[in-house]
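Colleague: The structure is given below, and queries will be raised subsequently.
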Amino acid sequence: MRQVTLRLMPLIAGWAVLCSPIGSVHAAPPTEAASCAACHGAFGEGLPAENYPRLAGLPAQYIKAQLSYFADGTRKNAIMAGMAKPLSPAQITILADYYASLPVTMPAPAASVAPDFVARGQQLAEFGDWKAGIPACFRCHAAGGVGVPPYFPPIAGQSAKYLADQITAWQTGTRQGDPQGLMHSVASRMTAVDTQAVTAYLAALKPAAAVLGDTQPVLTGGVQ
Amino acid sequence: MNALIKPLFKRGITPLAYAVLLGASAPLLAADAAPAVTQPSVIPAMAALNAALLTGATFTPPDPASIPKDEFGQVVQLGRNIMFETKKYAPEYVGNSLSCVNCHTDGGAMAGSAPLWGAWVSYPAYRAKNKKVNTYEERLQGCFRFSMNGKAPPLGSEVLVALQAYSYWLARGLPVDEKVAGRGYPNVPEPALAPDFVRGKAVYEAQCAICHAANGEGRVVNGAVVFPPLWGAQSFNWGAGMGSIANAAKFIYANMPYGQSYSLTPQQAWDVAYYMDGQERPQDPRYEGSVAATRAKYHDNKNSLYGTTVNGVLLGDTGAPKSFKGNKS
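Spelled out as structure tokens, the structure:
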């Protein structure tokens, strides 16, 4: 009996991991994260229904930049300004590294979306609408919207309302700091319907980790 | 001109106002004022800022959603798939990390971004590059041999048939006319100063490196290329059209940074084109046994830096081209 139990131990341990909220082992949260957890969840999973975005798996450099933008008003958000201003650079680094290290999680299933909406959303995500000057989301945020660290954050499986609010914020200028004004350019050409459609589509996608790969070997000779 | 426009643009001036503003001061519009083809122009309510803006193009290719579901449509769709994911759909002919869409925005549908409909109505044509009249299919072969650093698909092969079917489908309704507005890349004004590597590097670092990375190597995520490599082993080879500084300047001016067409000054476009084309890349497959002989035969013009020394490097001095075996399909 004892032997059986011992043999089962790895299985039991594995089952415990699977049953944990995020399906994986992770470091204990730093004390700095205590105030973040109330809105962004104990594991940075976010609270899509309340418009609080997922932080788990975001690139550390991106999180650092956003905290500095909240603090200096480049990104206008009353709650986050209050949170970000007191943080020291060391605390910002601890938080950014912590949330970047967490595995991405899936939010609650999105509300049902009209098929036409899905089609338009998918078109914008995969191909854009160049007649309106709108590039595809995935051209910069990678196939499936998993993001390209460090500058292009993941957008798949992020709260639809959060994503839509960001597009509006780029349109109105209450969110800035996007590199080279790239998102301002894109957002300024999107209609309200475009915004709803593409954010509903993106929110329903399963998020995944983005792993940067080798880009190319050293050039040693011509290739025909 | 652009120093004035760019801040306006970033403050949210509508693209339509932007177009009017450009039109008021840009000689380009006057030069392209008489498009060869007159078709009803569909300008969406939110007017676009895209590569078409300064081309005078009036042709609108059909919506991809209207590709028929029949036997013909399936081949058209394959052609479109090849444009967007070239290595996936034509693996045996692609020797680098690029896809057609990297130089043909919107999969060859966008005016000012070398649209396939513009090329389709322009062939057969005499080309100085190989000093003969080329069919459209032969022109497509050149893309694979040079831009894709691979090998030419055989005439009549599935890949070339699909690309021709897609091109034809895009171009339906256009008269045959090699001067169709929107073909190729629009002209960029000559630079006031000769294009310069050091100035180009500064433009690259400020405007391009966020996507194409510090050394032009592009970025790969989860095994797939997101931002294409601009030089080095996985980019186009020395025989490609984009290796011409003039071609690259035109493409960049109208298409880059992505989603910000015409936001660089012409001088910036020329400088950064020089910087990109002043880097090492795969050997010209027409290699004549030495850099000097290859330059003399194929690159003896001011728009090619092949066989010249740039930033201390004799460009193209990488030996004979390697043979391309093809990827498994």
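The listed protein sequences derive, respectively, from chains A and B. Here the first sequence stands for residues 1 to 224, where the numbers follow my numbering. Here the second sequence stands for residues 225 to 553, where the numbers follow my numbering. Where a beta carbon is used, it is the ideal one built from N, C-alpha and C, also for glycine.
(1) Is it right to say A/G173 is buried, meaning 16 or more other beta carbons lie within 10 angstroms of its own, or is it exposed?
(2) Note down, one range per segment and in chain order, each alpha helix (DSSP H) of at least 4 residues found wholly within the stretch 119-158 of chain A.
(3) Does any C-beta atom of chain A lie closer than 9 Å to the C-beta of B/S381?
(4) Rounded to whole angstroms, how far is the Cβ of A/F117 from the Cβ of A/A200, which I believe are closer than 8 Å?
(5) What are the uninterrupted segments assigned as alpha helix (DSSP H) that are 4 or more residues long and contained completely in the stretch 159-193 of chain A, given in chain order?
(6) Taking the beta strand (DSSP E) that B/L358 belongs to, which residues open and close that run?
(7) For B/V400, name the three-state secondary structure that DSSP assigns.
(8) Please tell me whether A/Q61 has its Cβ less than 9 Å away from any Cβ of chain B.
(9) Consult DSSP for B/K425 and reduce its assignment to one of helix, strand or coil.
(10) Looking only at its own chain, which residues have a Cβ that is under 6 Å from the Cβ of B/K355, when we skip the five neighbours before and after it?
(11) Distance, Cα to Cα, B/F308 vs B/Y530?
(12) Got a sec, what are the start and stop residues for the beta strand (DSSP E) B/A448 sits in?
(13) Mind listing which residues of the stretch 169-182 of chain A have their C-beta closer than 9 Å to chain B's C-betas, in chain order?
(14) Applying the criterion that 16 or more other CB atoms from any shown protein chain within 10 Å of the CB defines a buried residue, is B/G406 buried or exposed?
(15) Between the stretch 415-429 of chain B and the stretch 491-502 of chain B, can you find at least three pairs of beta-carbon atoms closer than 8 Å?
(16) Going along chain B in order, which residues have a C-beta closer than 8 Å to the C-beta of A/D214?
(17) According to DSSP, what are the bridge partners of B/R351?
(18) Apply the 10 Å Cβ neighbour rule to B/T533 and answer buried if 16 or more other Cβ atoms are within range, or exposed otherwise.
(19) Going by DSSP in three states, B/K474 sits in which element: helix, strand or coil?
(20) Given that a residue counts as buried once 16 or more other Cβ atoms are within 10 Å of its Cβ, and exposed if not, what is B/T262?
(21) Under three-state DSSP, which class holds A/R54?
(22) Below 8 Å on the Cβ atoms is my guess for B/F460 versus B/N373; work out the distance and round it to an integer in Å.
(23) Output, in sequence order along the chain, the residues in the stretch 472-504 of chain B whose CB is closer than 9 Å to any CB in chain A.
(24) Just the Cα atoms here: how many angstroms apart are A/A37 and A/T105?
(25) Please state the DSSP three-state secondary structure of A/T93.
(26) Please confirm if B/T329 has its CB atom under 9 Å from at least one CB of chain A.
(27) By DSSP, does B/T532 sit in helix, in strand, or in coil?
(28) Give the single residue among A/A34, A/P48, A/S88 whose Cα lies nearest to the Cα of A/A42.
(29) So is A/K85 in contact with chain B if we call contact Cβ pairs under 9 Å?
(30) Return the CA-CA distance between B/E295 and B/S381, expressed in angstroms with no decimal places.
(31) Beta-carbon of B/N551 versus every beta-carbon of chain A: anything under 9 Å?
(32) Determine whether the Cβ of B/C435 lies closer than 9 Å to any Cβ atom of chain A.
(33) Go ahead and pull the three-state DSSP assignment for A/K85.
(34) Which first and last residues belong to the beta strand (DSSP E) in which B/R369 is found?
(35) For chain B, check one thing: does any of its Cβ atoms lie closer than 9 Å to the Cβ of A/F127?
(36) Looking at B/Y390 and B/G336, is the spacing between their C-beta atoms short of 9 Å?
Modeller: On the basis of the supplied data:
(1) exposed
(2) Contiguous alpha helix (DSSP H) elements confined to the stretch 119-158 of chain A occur at 137-141, taking only those with 4 or more residues.
(3) no
(4) 6 Å
(5) 160-172, 182-187
(6) A small fix is needed here, since residue 358 of chain B is Asn in this sequence, not Leu. From DSSP, the beta strand (DSSP E) with B/N358 extends over 356-358.
(7) Correct three-state label for B/V400: coil.
(8) no
(9) Helix at B/K425.
(10) Correct list: empty, nothing qualifies.
(11) 29 Å
(12) 448-451
(13) Q171, T172, G173, P179, Q180, G181, L182
(14) buried
(15) yes
(16) V444
(17) B/K356
(18) exposed
(19) helix
(20) Because B/T262 sits at a pLDDT of 31, beneath the cut-off of 50, its placement in the model cannot be relied upon, and the following sentence gives the value as read from the coordinates. It counts as exposed.
(21) coil
(22) The pair is a contact, with the Cβ atoms about 6 Å apart (cut-off 8 Å).
(23) P481, Y482, G483, Q484, S485, S487, E504
(24) 15 Å
(25) helix
(26) yes
(27) Of the three classes helix, strand and coil, the one that applies to B/T532 here is coil, per DSSP.
(28) A/A34
(29) no
(30) 17 Å
(31) no
(32) yes
(33) Coil at A/K85, not helix or strand.
(34) Run containing B/R369: none; DSSP gives neither H nor E here.
(35) Residue contact with chain B for A/F127: present (Cβ-Cβ distance below 9 Å to some residue of chain B).
(36) no
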